[in-house]
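K.L.:
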Amino acid sequence: MYSALTVLFGTLGGIVFALMKLSKSRILRFVASLYIEVIRGTPLLVQLFIIFYGLPSLGINLDRTVAAVMALSINSSAYVAEIVRAGIQAVDKGQTEAGRSLGLSGWQTMRMIVLPQAIRNILPALGNEFVTVIKESSLASIIGLKELMYNAQGTATTTFLTMECYLVAAALYFIMTFTLSKILAYVEKRMRSESRMPHGSGMGKRMLGFGRSRGGDAK
């Protein structure tokens, strides 16, 4: 459950910092660059310890689950930010110009035209990041969070079936990451097949914000 929250918050945070890094504001670019470099340049375990063990010294006490989700989300967002930034910059500038010629604002052009294409391009890299998040979630057992690895350690201690317990844990992690990889591969295949549809198709209209669509299509 908290891995799903980490993926959600990490992705949202990554998009925000990617847009900040691409902003025309020097201050926003500096803040985003500093954040990304610091987070990517320090170990996740250290970040987890700072949040769970360090913040209480400042009077901020966090639940184990909250601390784990926060640390993993912060760490993931820095990597997602660079992935999203690269994806946005890879989109042909003519797409942005086309959006502006249709009377769309800069934000509307980004939201309706650029981001959908960027996400399609970066989906494999995002998938790798999501898989990494699931595997790195095992570190949360160090602060006593009762997740898969924590339970495996506890069972191994009480039953003395050390090898069996850790093999089961490894198998469960593999099942989760393998399933996620297959789902993302299917989504990527669908998105690429739709991108090859004629410009007058429903997909093309949705990308430009026209026609009937669900509320989530324009996100």
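The sequence shown maps to residues 1222 to 1440 in the working numbering.
Each residue gets a CB set at the ideal place from its N, CA and C atoms; glycine is no exception.
A quick note: this is a predicted structure, and the numbers were derived from the prediction, not measured.
#1: Assign V1237 to one of three DSSP states: helix, strand, or coil.
#2: If contacts are defined as beta-carbon pairs under 8 Å, then I1295 and I1257 qualify, I think. What distance do you get, rounded to the angstrom?
#3: Measure from the alpha carbon of S1504 to the alpha carbon of each residue in N1372, L1347, N1349, then state which is nearest.
#4: Under the three-state reduction of DSSP, which class applies to F1381: helix, strand or coil?
#5: Which residue comes first and which comes last in the alpha helix (DSSP H) that contains T1263?
#6: Could you work out which residue in V1267, K1245, I1236 is closest to V1335 when comparing CA atoms only?
#7: Quick test of your reading: T1227 and L1293, contact by CB under 8 Å. State the CB separation rounded to the nearest angstrom.
#8: My output table needs one value for N1282: the three-state DSSP class, helix, strand or coil.
#9: Using a Cβ-Cβ cutoff of less than 7 Å, which residues in the same chain neighbour T1232 once the five nearest sequence positions on both sides are dropped?
#10: Just reading off the alpha helix (DSSP H) that L1347 is part of, what are its end residues?
#11: Measuring alpha carbon to alpha carbon, tell me which residue in L1369, E1303, L1388 is nearest A1339.
#12: With a threshold of 6 Å on Cβ separation, who are the neighbours of G1308 within its own chain once the five nearest residues in sequence on each side are excluded?
#13: Comparing C-alpha positions only, which one of S1297, P1337, R1321, E1357 sits nearest to F1230?
#14: How many Å lie between Q1310 and I1355 at the Cα?
#15: How do the stretch 1314-1330 and the stretch 1397-1407 stand: do at least 3 beta-carbon pairs fall below 8 Å, yes or no?
#16: Is E1385 buried or exposed, if buried means 16 or more other CB atoms sit within 10 Å of its CB?
#17: Counting C-beta neighbours from all protein chains within 10 Å, is the total for F1238 16 or more, i.e. buried, or is it exposed?
#18: Note down, in chain order, each residue of its chain lying with its Cβ closer than 6 Å to the Cβ of A1253, except the 5 sequence neighbours on either side.
#19: Would G1275 be called buried (16 or more neighbouring beta carbons within 10 Å of its own) or exposed?
#20: Is it buried or exposed for A1406, if we count other Cβ within 10 angstroms and need 16 for buried?
#21: Rounded to whole angstroms, what's the CA-CA distance from G1324 to V1305? Just pull it up for me.
#22: Is the beta carbon of E1357 sitting closer than 7 Å to the one on L1283?
P.N.:
The answer reads as follows:
#1: helix
#2: The pair is not a contact, with the Cβ atoms about 11 Å apart (cut-off 8 Å).
#3: Residue 1504 lies beyond the stretch modelled for the chain, which goes from 1222 to 1440, so this question has no answer here.
#4: coil
#5: That residue, T1263, is in no alpha helix (DSSP H); it is neither H nor E in DSSP.
#6: I1236
#7: 4 Å
#8: coil
#9: V1301
#10: 1336-1357
#11: E1303
#12: A1339, N1342, I1343
#13: S1297
#14: 28 Å
#15: no
#16: exposed
#17: buried
#18: F1238, M1241, K1242
#19: exposed
#20: exposed
#21: 25 Å
#22: no
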